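Data block below; observations after.
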Amino acid sequence: MNISEIFIRRPIATSLLMAGIGLFGVIAYRALPVSDLPLVDYPTLNVRAGLPGGDPGTMASSVASPLERQFTTIAGLDSMTSRSGSGDANITLQFDLNRDIDSATVDVQTAIAAVMPLLPAGMP
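Take 6 as the starting number for the sequence shown in the numbering used here and just add one per residue.
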C-alpha cells in the first residue's frame with residue numbers, strides 16, 4: 006500500500022486534511038508581523054559649525070552654503086538638510102542604506118578640510 010492509495014481510498018479524510026492545512030495557513034499568514042513602515046536605521050551624520058556672534062544670514066551664506074556645496078560631491082549621499090541660527094549651523098547628511106558609515110565619516114571630514122579656507126576666520 007503506497008501513500009497515494011490511502012488518500013484515494015479515503016476522499017473525505019483527504020478533503021478534511023487539506024481544509025485543515027489551508028485553515029492553518031490562513032491563520033499563520035494573518036499572524037505574521039507586518040509593518041507598513043518598518044523601522045530602518047539610515048546612515049546619518051550631523052555636522053555642526055559655530056561662529057561666535059554670527060547672525061543666521063551670515064551662517065547660511067558664509068558657512069552652511071560652502072559646506073553644502075562640498076558635501077554634494079560625496080558619493081552615496083541621499084539627502085541633506087541644514088538649519089542656520091545665531092552663531093551656529095547644523096547640517097544633517099543622510100546616506101544610502103548600503104553606504105558604510107565609517108567611510109562616509111572619512112569623506113565628510115575630508116570635505117570639511119577642503120572647504121576650511123573658504124569659511125570665515127574665527128571659526129573654532
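We put the CB at the ideal spot given by N, CA and C, even for glycine. None of the values given here were measured: they were computed from a predicted structure.
Counting only the same chain and skipping the five closest in sequence on each side, list residues whose C-beta sits under 7 Å from that of residue i.
{"i": "residue 120", "result": "71, 72 and 75"}
{"i": "residue 110", "result": "50"}
{"i": "residue 46", "result": "none"}
{"i": "residue 123", "result": "71"}
Which of the three DSSP states, helix, strand or coil, is assigned to residue i?
{"i": "residue 79", "result": "coil"}
{"i": "residue 130", "result": "Shown here, the chain extends from 6 to 129; a query on residue 130 therefore has no answer."}
{"i": "residue 89", "result": "strand"}
{"i": "residue 53", "result": "strand"}
{"i": "residue 109", "result": "helix"}
{"i": "residue 22", "result": "helix"}
{"i": "residue 84", "result": "strand"}
{"i": "residue 36", "result": "coil"}
Going by the beta-carbon positions, is the gap between residue i and residue j smaller than 8 Å?
{"i": "residue 81", "j": "residue 60", "result": "no"}
{"i": "residue 116", "j": "residue 89", "result": "no"}
{"i": "residue 69", "j": "residue 87", "result": "yes"}
{"i": "residue 49", "j": "residue 99", "result": "yes"}
{"i": "residue 12", "j": "residue 19", "result": "yes"}
{"i": "residue 127", "j": "residue 38", "result": "no"}
Excluding the five sequence neighbours on either side, which residues of its own chain have a C-beta within less than 6 Å of the C-beta of residue i, listed in chain order?
{"i": "residue 67", "result": "125"}
{"i": "residue 112", "result": "79"}
{"i": "residue 106", "result": "48"}
Checklist line | Contact between the region 40-59 and the region 81-97 (3+ Cβ pairs under 8 Å) | finding: yes
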